[in-house]
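Peer 1: One structure, as structure tokens, below. Some questions next.
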Amino acid sequence: MAAFRVIVFLTLMALAVAFTPSTLVGFKPSGMTTTCNGPSMQLASPQIAKPKVDIGHQLGTTQPDAQGKAKTGTPKLAPKKKTQDDETPMYKVILLGDPEYEQSHVVTQITKVIPSVQKEEAIRIYVEAQMTGSSVIIVVTEEHAEHYVQQLKRQQIYAKMEKEKK
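The opening position of the sequence shown corresponds to residue 81 in our numbering, with each subsequent residue numbered one higher.
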């Protein structure tokens, strides 16, 4: 360890001797000027960097047209991209009315099978189905609609599914 310290010390001493003011006579760093009072720093004005790649024009800026007149660029809206939700067909789960239903059984089973349906809404659906013959319970994807219809049939509640028209 002592040998390492000696080597570092000797290296630093050699550097100090090599760069004494007497060896730097005539050396002027860039941006330095000498005056009668000694060296002074000359600051350059800041420059805006220019991109190395052509980035084209920015939208909403003015640009001269072929006749030399300035015209304003208007942003072009990209066409709306279709999402999976836009393409997924939706299905209505429809409760069929039946005079042999008991309201309490139907309401309880609808709220159990379809968790997003509250008790008050299930009562409204039941009454509408009894009065008009059918009532839409929920609109969901095909897989969910099939599942809900099957689960209701297990409880002796008749429902069907129909593709929703857009």
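No residue lacks a Cβ here, since even glycine has one placed at the ideal position from N, Cα and C. Since this is a predicted model, take the numbers as computed values, not measurements.
Ser-184 by DSSP, collapsed to three states: which one?
Peer 2: Reading the sequence shown from its first residue, position 104 is the one you call residue 184. Ser-184 falls in the helix class under three-state DSSP.
Peer 1: Using DSSP's beta-bridge definition, name the partner residues of Met-241.
Peer 2: Numbered from its first residue, the sequence shown carries residue 241 at position 161. Val-173.
Peer 1: Is the beta carbon of Glu-226 closer than 9 Å to that of Lys-172?
Peer 2: Here residue 172 refers to the residue found at position 92 when the sequence shown is read from its first residue. Here residue 226 refers to the residue found at position 146 when the sequence shown is read from its first residue. Not closer than 9 Å, so no.
Peer 1: Based on the DSSP output, what are the partners of Glu-221 in its beta bridges?
Peer 2: Here residue 221 corresponds to residue number 141 of the sequence shown, with the count starting at 1. Residue 221 is actually Thr in this sequence, not Glu. Thr-221 pairs with Met-170.
Peer 1: Between Leu-232, Ser-214 and Glu-242, which lies nearest to Val-220 when the distance is taken from Cα to Cα?
Peer 2: Within the sequence shown, numbered from 1, the residue matching residue 220 stands at position 140. The candidate whose alpha carbon is nearest that of Val-220 is Glu-242.
Peer 1: Along the alpha helix (DSSP H) that carries Ala-129, what are the first and last residues, could you check?
Peer 2: Indexing the sequence shown from 1 puts residue 129 at position 49. No alpha helix (DSSP H) holds Ala-129; DSSP gives it neither H nor E.
Peer 1: Just to confirm, is the Cβ distance from Gln-305 to Pro-179 under 9 Å?
Peer 2: Here the chain comprises residues numbered 81 to 246, so residue 305 is not present and cannot be evaluated.
Peer 1: Take the Cβ of Ser-184 as the centre, count every other Cβ of all protein chains shown within 10 Å, and call the residue buried at 16 or more, exposed below.
Peer 2: By 1-based counting over the sequence shown, the position of residue 184 is 104. That one is exposed.
Peer 1: Between Thr-91, Gly-213 and Pro-126, which has its C-alpha nearest Leu-176's C-alpha?
Peer 2: The residue you call residue 176 lines up with position 96 of the sequence shown. For the residues Thr-91, Gly-213 and Pro-126, the minimum Cα distance to Leu-176 belongs to Gly-213.
Peer 1: Please report how far the alpha carbon of Ile-237 lies from the alpha carbon of Tyr-228, in whole angstroms.
Peer 2: Along the sequence shown, read from residue 1 onward, the residue named residue 237 stands at position 157. Along the sequence shown, read from residue 1 onward, the residue named residue 228 stands at position 148. Each residue's Cα considered, the two are about 11 Å apart.
Peer 1: Would you list the one or two residues that DSSP bridges to Ser-214?
Peer 2: One-based indexing of the sequence shown puts residue 214 at position 134. Paired residue(s): Leu-176.
Peer 1: So what does DSSP say about Ile-87, is it helix, strand or coil?
Peer 2: Taking the sequence shown and counting its residues from 1, the one referred to as residue 87 is at position 7. Reduced to three states, the DSSP call for Ile-87 is helix.
Peer 1: Is it the case that the Cβ atoms of Val-187 and Ile-174 are separated by a distance below 9 Å?
Peer 2: Your numbering for residue 187 matches position 107 in the sequence shown. Your numbering for residue 174 matches position 94 in the sequence shown. Using a Cβ distance threshold of 9 Å, Val-187 and Ile-174 do not count as a contacting pair.
Peer 1: The ligand GTP and Gly-177: does any heavy atom of the ligand fall closer than 8 Å to the residue's C-beta?
Peer 2: For the structure depicted, the ligand GTP is absent and the ligand set is empty, with no information on it obtainable.
Peer 1: Cα separation between Arg-234 and Glu-200?
Peer 2: Within the sequence shown, numbered from 1, the residue matching residue 234 stands at position 154. Within the sequence shown, numbered from 1, the residue matching residue 200 stands at position 120. C-alpha separation (whole angstroms): 23 Å.
Peer 1: Is the distance from the Cβ of Ser-215 to the Cβ of Ile-205 below 9 Å?
Peer 2: Within the sequence shown, numbered from 1, the residue matching residue 215 stands at position 135. Within the sequence shown, numbered from 1, the residue matching residue 205 stands at position 125. Their beta carbons are under 9 Å apart, which means Ser-215 touches Ile-205 by this criterion.
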